[in-house]
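Quick note on the working numbering: the sequence shown kicks off at 11 and runs consecutively.
All C-beta atoms, glycine included, are put in the ideal place defined by N, C-alpha and C.
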Amino acid sequence: MQLTHVQFVLLAAVWWLSDQAAVPSQLPSQRQVADHAATDVMMTSQVLRALEIRGLVTRALDPADGRVKRLTVTAAGQRLAVRTVPGSATCR
């Protein structure tokens, strides 16, 4: 499975930000991922939708604010990230 550069950057951002969340309500939003990756919010949404279709991330509505989507990396996304990021398997 191949990723474009921006898909890789956003998958890595979701993975890292999700890993930092202490509780589900702190999972990253699309805006937080866009800010972290320094990408346009609309483009970020489109790329994350494509990653979701490929089964690499999940986007769930925030129960406290239906306008916000909280993101996580799926098991398939984690496996791909580990294979893609040199040394990531030893960092976890």
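- Per DSSP, the unbroken beta strand (DSSP E) holding T68 starts and ends at V67 to D72.
- The shortest C-alpha to C-alpha distance from V33 to any of R89, L66 and D72 is the one to D72.
- Residue range A85 to T94 is occupied by the alpha helix (DSSP H) that includes V92.
- Shown here, D75 sits in a strand according to DSSP, grouped into three states.
- Contact between T54 and L20 is confirmed by a C-beta separation of about 6 angstroms, below the 8 angstroms threshold.
- For S55, the enclosing alpha helix (DSSP H) stretches over residues V51 to I63.
- When the five nearest sequence neighbours on each side are left out, the beta carbons in the same chain lying within less than 8 angstroms of the beta carbon of V51 are those of Q40, R41 and A44, in order along the chain.
- Beta bridge pairing from DSSP links S39 with R80.
- Taking C-beta separations shorter than 7 angstroms and ignoring five residues to either side along the sequence, the partners of V57 in its chain run V16, Q17 and L20, following chain order.
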